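2 protein chains.
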Amino acid sequence: MKLLFDAQGGDHAPEEIVEGAKLAQRELGIAVGLIGNTDVLAPMAESIPLHHAGEVIENNEDPAMALRRKKDASLTKGLALVKDGTYDGFISAGSTGALLAGGLFIVGRIPGIKRAVLPTPIPTVKGTTYVVDSGANMDTTPELLLQFAVMGSEYAKVKGIDNPRIGLLNVGEEAHKGNALVKKTYELLQDSDLNFIGNVEARTLFEGICDVLVTDGFAGNVLLKTTEGVASYVFHEIKASLAGLEPHEQQVVAKILGGFKHKVSYEEVGGALLLGINGILIKAHGSSKRRAIFNAAKEAQTIYEQNIVTHIKQVMEDL
Amino acid sequence: MKLLFDAQGGDHAPEEIVEGAKLAQRELGIAVGLIGNTDVLAPMAESIPLHHAGEVIENNEDPAMALRRKKDASLTKGLALVKDGTYDGFISAGSTGALLAGGLFIVGRIPGIKRAVLPTPIPTVKGTTYVVDSGANMDTTPELLLQFAVMGSEYAKVKGIDNPRIGLLNVGEEAHKGNALVKKTYELLQDSDLNFIGNVEARTLFEGICDVLVTDGFAGNVLLKTTEGVASYVFHEIKASLAGLEPHEQQVVAKILGGFKHKVSYEEVGGALLLGINGILIKAHGSSKRRAIFNAAKEAQTIYEQNIVTHIKQVMEDL
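Sequence order for the protein chains is A and B.
Note that UniProt numbering has the first sequence beginning at 1, numbered continuously upward.
Note that UniProt numbering has the second sequence beginning at 1, numbered continuously upward.
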C-alpha cells in the first residue's frame, strides 16, 4: 500500500506527522509519502518521498471556497495524487470539512453512492457501535440513510464483525415511532438485505444492542456530543462530591475516573475513514501526535487490505 | 385553585393517586377532585369530591383512536371538566400521548399556538436547563420552533429565571451550522424579542450556558435519552472497575454514585406541564407514588398562581 500524509494539517504538524509516517513505514511495512513545504520537511524526512505544497487550508475556512482558491494546498494537491493513483490513501489531521469536500470534489464518490459519511465508534457495555452518520450530512433522505446503512455494515465487517446488526436511531422501539424521515427509512431498511434489527433508542444503545447505528448527521452529532457532555458532567459532579472524603478515598475515586474518561470522549479516536469516497481518506484528530498518526495509518492499511471500497461498489451494484 | 386527579393513570393507581390528592388538599390548601371508578374510590377518598369514569386509556393504545372510542375514560371525561371550567387543572400519571392528544382535542390550544410541547428539565453544572421540545413533536418547522422558544421562555420565568437565556440545539456554535431547520430557526430567534444567545452544542449544554434549549422533539428526545444512556453506562463501567478495590473503598464509590444517579435520569422528574394547552395539564411519571403526585400538584399550583397561560397568550398577541 502507498499512503500519503498531509504534513500541514493538525496542531502538531509537521514534526509529529513526519514521525508518524516514519513509524508507519518502519512498523507497517508500507510505502509512505509526505506532502507539504519541502524546505521544512527535507531536514526531517529521511528517506520518505516528498511532494511540495505551498499553502495550508485552515480549520476556519469555508471548505469549498478554500479548495477552489488554494490550488497549492497540501490537501488539494495530495488528494489529486490519490485520484490519479499515485497513492492508495491519504491521512490528514487538518480540517474535516475540507477533507470531506476535497474527497467529494477531487477524489470522487464510489459509483452509486450519493454522500460520504463519517462513521464514529462509541463504546458500549459489550463493545463498540459505529454511528453513521456522525456529522457530515445535515439534511438527508430515507434513500441516503439506506446508503449510510450499507456503508456502515461493510465498515463493521472490516472491523471484524460478522453479519453486523443495523439499528435505526429513533425515539422509541415501535415501528410507527419517529419523524417522517425515520419512518420511511425503517421501511427501506426492513426491505433490504441488511441485518436490520429495528429502531434503537439512545437510552439502550449503550447496552450494545447493535453494531451500526444509522442516523442523519444532525441527530448523530447531537448523540455524540451529548455523550461527551454527559460524561464531563458526571465526572464534574463526582469530583465535586469528593470534598467530604479522606485523601486516600479521593485517590481511589480519582484513579477509577482517570482510567475511564477517555473511553467516552469521541475525539480520542485516532483516525476516522470517510466512507463512500472512491479511495481511502482518513481524518486524524487535530491534536494527533506520532502515535495517533501511526494508528490512523494502521486503520488505512486494514481498510486497504480488506478492500472496503470494492465491497461497497459490489453491494451498490447489487442493490 | 381547583385541581382534578386522574385516579386511573399510572402504575400505582388508584391508591397512591388518592393519597397524593389528599396531601395536596391538606398541605397546599387547594380544592381537589378525583376521577375514576367511584365504587373503588369511595372507600378511600374521604371528603374529596368524586367523578365517575368507567374506562381507562392504556399506554399502548393509539392516543387519538382511544380518545374517540373511550368516551367514558377518566382522561376523556376529566379533560372535559377542565374545558368547561369546573377545574383549573388536571394531573395524570397515565399515557403521555393520550394526555397530549386529549389536551389538544378536548381542552384546546392557547390562541395562536400551533403545537403543545413538553418542557423537560436537565441538570447542569450551574442549575437547570429546560428542553423544549423533548418529544411531543417529531416533524417541525422554524415557525413552530420559534413558538417553542416563546413558551419555553415563559416557562423558565415561572421557574424563577429572569430574562431566560434561549439557546438553539445545534452541531456547532457558528450561525451557518446545522440543517435547514435550525439555520432558518436561528434567523427567526435572532429577529425575535427573546434573549437568544445563539447555537448551543450538546457538549457544552451541561455547563449551564442557557436556561431554555430549543429543539425539535426528535433531536430533543435523542438528547434526553442519550443523557440517560450515558449515565447508566458510566455507572456500569465504574461499578465494573470496583472489583479490584477493598470493600471499604467500594463503599466510598458506591455512596458517591448512589447519591447522584437520580440527577441524570430525566424520568425522575415529578410532573411536566404540557405547554401550549389552554389549561394546566400535568403529566406525572407512570411510576409516581403519593409524594410525586403531590409534587406534580405543587407544580400545577405554581403555574396557576404565576398565570403562565395568560402570559403566553399576551406574548402571542404581541408577536
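All C-beta atoms, glycine included, are put in the ideal place defined by N, C-alpha and C.
These numbers come from a predicted model, not from an experiment.
Nearest by alpha-carbon distance to residue i: which of the options is it?
i: G258(A); options: Q251(B), I238(B), L245(B), I256(B); result: I238(B)
i: G85(B); options: G108(B), L41(B), L144(B), A98(B); result: G108(B)
i: P63(A); options: L242(A), G160(A), A136(A), N179(A); result: A136(A)
i: G271(A); options: K255(A), N278(A), M65(A), I303(A); result: I303(A)
i: E305(B); options: G112(B), L99(B), Y155(B); result: Y155(B)
i: V56(B); options: K70(B), F105(B), V82(B), L50(B); result: K70(B)
i: G36(A); options: K77(A), L67(A), H248(A), L242(A); result: K77(A)
i: E61(B); options: V117(B), A98(B), L319(B); result: A98(B)
i: V234(A); options: L145(B), E207(B), L50(B), E19(B); result: E207(B)
i: L273(A); options: Q251(A), V253(A), Q250(A), A297(A); result: A297(A)
i: H52(A); options: H248(A), E58(A), A42(A), L223(A); result: A42(A)
i: G178(B); options: G178(A), S153(A), L145(A), S134(A); result: S134(A)
If we ignore side chains and look at the alpha-carbon of each, how far apart do residue i and residue j end up?
i: G94(A); j: L28(A); result: 23 Å
i: E299(A); j: I308(A); result: 12 Å
i: T140(A); j: D216(B); result: 16 Å
i: L194(B); j: N221(A); result: 26 Å
i: H236(A); j: D211(B); result: 19 Å
i: T185(A); j: K114(A); result: 16 Å
i: P14(B); j: M44(B); result: 9 Å
i: M138(B); j: A180(A); result: 8 Å
i: D88(A); j: M316(A); result: 21 Å
i: A101(B); j: L205(A); result: 29 Å
i: I91(B); j: H12(B); result: 14 Å
i: A243(A); j: V125(A); result: 30 Å
i: residue 320(A); j: G172(B); result: Because chain A here runs from 1 to 319, residue 320(A) falls outside it and cannot be looked at.
i: S241(B); j: K255(A); result: 10 Å
i: G286(B); j: V117(B); result: 19 Å
i: R68(B); j: I106(B); result: 11 Å
i: T227(A); j: E174(A); result: 24 Å
i: residue 330(B); j: Q301(B); result: Shown here, chain B extends from 1 to 319; a query on residue 330(B) therefore has no answer.
i: G167(B); j: G112(B); result: 23 Å
i: Q190(B); j: I209(B); result: 17 Å
i: N163(A); j: I17(B); result: 49 Å
i: D6(A); j: E58(A); result: 13 Å
i: H176(B); j: E19(B); result: 53 Å
i: residue 333(A); j: P247(B); result: There is simply no residue 333(A) to check, as chain A begins at 1 and stops at 319 in what is shown.
i: V32(A); j: L50(A); result: 9 Å
i: M65(A); j: I277(B); result: 47 Å
i: T96(B); j: V132(B); result: 16 Å
i: S153(B); j: L223(A); result: 25 Å
i: V121(A); j: L144(A); result: The sequence shown places Pro at residue 121(A), not Val. Taking the straight line joining both Cα atoms gives about 20 Å.
i: T310(B); j: S192(B); result: 20 Å
i: L319(B); j: D318(A); result: 54 Å
For residue i versus residue j, is the C-beta spacing smaller than 7 Å?
i: S74(A); j: Q8(A); result: yes
i: T21(A); j: L4(A); result: Here residue 21(A) is Ala; the residue named in the question, Thr, does not match the sequence. No, the pair does not count as a contact, with Cβ atoms beyond the cut-off.
i: A219(A); j: L169(A); result: yes
i: I48(B); j: M1(B); result: no
i: D39(B); j: G54(B); result: no
i: S288(B); j: G10(B); result: yes
i: residue 345(B); j: L281(B); result: One cannot answer for residue 345(B) here, as it falls past the ends of chain B, which runs 1 to 319.
i: I110(B); j: K283(B); result: no
i: Y275(B); j: P142(B); result: Inspection of the sequence shows that residue 275(B) is occupied by Leu rather than by Tyr. Contact flag unset, no.
i: T129(A); j: L213(A); result: yes
i: R203(A); j: K225(B); result: yes
i: G229(B); j: V82(B); result: no
i: E249(A); j: V182(B); result: no
Measuring only from the beta carbon, is residue i closer than 6 Å to any heavy atom that is part of the ligand GDP?
i: R165(B); result: Of ligands this structure carries none, so the ligand GDP is not represented either.
Check: Do the segment 147–164 of chain A and the segment 280–293 of chain A make contact, defined as three or more Cβ pairs closer than 8 Å?
Finding: Touching, no.
Next item on the list: Please go through the segment 19–81 of chain B and give each complete beta strand (DSSP E) segment of 3 or more residues, from N-terminal end onward.
Entry: Counting whole runs of 3 or more residues, the segment 19–81 of chain B contains the beta strand (DSSP E) stretches 31–36, 50–52.
Next item on the list: Taking only runs that begin and end inside the segment 77–149 of chain A, name each unbroken beta strand (DSSP E) of 3 or more residues, in chain order.
Entry: Runs found: 89–92, 120–123, 128–132.
Item checked: Uninterrupted beta strand (DSSP E) stretches inside the segment 173–222 of chain A (no shorter than 3 residues) -> The DSSP assignment places 196–200, 212–214 as complete runs of the beta strand (DSSP E) inside the segment 173–222 of chain A, in order along the chain (cut-off: 3 residues).
Notebook entry, point to check: Does the pairing of the segment 159–175 of chain B with the segment 198–207 of chain A give three or more beta-carbon distances under 8 Å?
Noted result: Touching, no.
Margin query: Restricting to runs no shorter than 4 residues, where is the alpha helix (DSSP H) found entirely within the segment 240–309 of chain B?
Written below: Here the runs fully enclosed are 247–258, 290–306.
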